[in-house]
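In terms of the UniProt record's numbering, the sequence shown opens at residue 1 and continues consecutively.
Note that the Cβ used here is the ideal one computed from N, Cα and C, for glycine as well.
A short worksheet on the structure shown next.
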Amino acid sequence: MSKISVVCLCVRDGKVFIAKRNPVGQMGNRWEFPGGKVEKNESDESAIIREMKEEFGIDVTIVNRICKKNFINCDVNLELHVYEVSFPHDGLEKRFTLSEHSEYRWVFFSDIDKNCFVDSDFSIMDICKNYFESKR
């Protein structure tokens with residue numbers, strides 16, 4: 001059975017929000033779209049709200065489901081459920097509270113490959129880029 005992870009994409013002023021994982025742990029110091037594991041008996045929506053509150057101290061609004069994508073990591077089947085979310089603010093003047101990341105930034109999709117990303121997020125990059133380009 002696959003483990004389910006939610007992935008949150010927020011685009012503001014043409015830039016997407018990314019966060020850098022803390023140095024310890026699997027794929028430490030790599031960039032990612034925020035999100036996390038869906039717990040037993042938890043909906044995707046509840047997981048998104050919980051993860052964003054725990055990791056960034058913010059309440060997000062879920063806008064739309066973008067896609068589902070299967071990914072294998074260390075012989076573990078993952079099912080990525082990717083959602084567009086809206087943040088209450090950009091985290092620049094009023095900083096987000098980080099618990100599992102060392103930093104965050106807003107980048108253009110065209111510049112995303114300049115950041116060392118986690119493997120699972122690379123697998124959804126084109127789908128996400130096309131989704132947001134189609135909304136322009």
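Where residue i falls, given that 16 or more other Cβ within 10 Å makes a residue buried
| i | result |
| --- | --- |
| Lys40 | exposed |
| Glu54 | exposed |
| Phe122 | exposed |
Cβ separation of residue i and residue j, assumed to be a contact under 8 Å, to the nearest whole Å
| i | j | result |
| --- | --- | --- |
| Trp31 | Lys20 | 5 Å |
| Cys128 | Ile66 | 6 Å |
| Cys74 | Gly35 | That pair is no contact at about 18 Å. |
Open item on the list: In chain order, what are the residue ranges of uninterrupted beta strand (DSSP E) at least 3 long that sit wholly in the UniProt domain "Nudix hydrolase" (1-132)?
Closed with: Complete beta strand (DSSP E) runs here, min 3: 3-9, 15-21, 35-37, 61-73, 76-86, 101-108.
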